[in-house]
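Note sheet for the following structure.
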Amino acid sequence: MAVTILATVLIMAAYFLVLYGAVGFIQDKRFFGSAPKENLAAIPDKKERFPGAHVVGWIIEVIAVLMFLGAAVLGAGDGIKNHFSFFQFFGRFLAMLYCMEIYDILFFDWFLLCHSNFFPHFYPELKGVVGPQMFGYNKKAHAMHFAIDIPACAAIAGICTLFA
Numbered sequence: 031m032a033v034t035i036l037a038t039v040l041i042m043a044a045y046f047l048v049l050y051g052a053v054g055f056i057q058d059k060r061f062f063g064s065a066p067k068e069n070l071a072a073i074p075d076k077k078e079r080f081p082g083a084h085v086v087g088w089i090i091e092v093i094a095v096l097m098f099l100g101a102a103v104l105g106a107g108d109g110i111k112n113h114f115s116f117f118q119f120f121g122r123f124l125a126m127l128y129c130m131e132i133y134d135i136l137f138f139d140w141f142l143l144c145h146s147n148f149f150p151h152f153y154p155e156l157k158g159v160v161g162p163q164m165f166g167y168n169k170k171a172h173a174m175h176f177a178i179d180i181p182a183c184a185a186i187a188g189i190c191t192l193f194a
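So the sequence shown is numbered by my numbering: it starts at 31 and just counts up by one.
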């Protein structure tokens, strides 16, 4: 259980770093495909905030990807070492992905998008555009993620079980 919690926390931190690197430093609208259309329309194309900002953003992105991979390896490696069954692997990875999705809904959507100054800090043009009215704009995507996570976790569990 402790490994599952640690891996989940790593995933959550990595997920935040992906957002922070893209929004705060890279600032390329091509990375904001899941953002509300109203936000995309208000965001201008920007140059670097300061010399080297894109490099800093890409370093953050690489660190985030390594953290995602580390969490997956940690979860799989511990399960293999402890001879997990298919259902133990499935439960671990499903818990990790469902917690990530809940984190996305509560922290990214409800808090950062609707109740904080996170996005307007980097894009002042969003003041008055973002707010509580934005919550739930992507509920279909979240529902699809919850559904897709089940077969994805089954596949990952099946692969991990071969090595346990």
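All C-beta atoms in this analysis are idealised placements derived from N, C-alpha and C, irrespective of residue type, glycine included.
With contact defined as three or more Cβ pairs closer than 8 Å, the stretch 75-95 and the stretch 162-172 are not in contact. When only Cα atoms are considered, C144 and E155 end up about 15 Å apart. L96 has its alpha-carbon roughly 11 Å from the corresponding atom of V48. For G188, the enclosing alpha helix (DSSP H) starts and ends at K169 to F193. Scanning the stretch 59-141 for uninterrupted alpha helix (DSSP H) segments of 4 residues or longer gives 67-72, 83-111 and 116-133, listed from N- to C-terminal end. Three or more Cβ pairs closer than 8 Å define a contact, and the stretch 31-38 falls short of that threshold against the stretch 56-65. Distance between D134 and M31, taken at the CA atoms: about 22 Å.
Restricting attention to Y128, V39, M130 and H113, the CA atom closest to the CA of G188 is found in H113.
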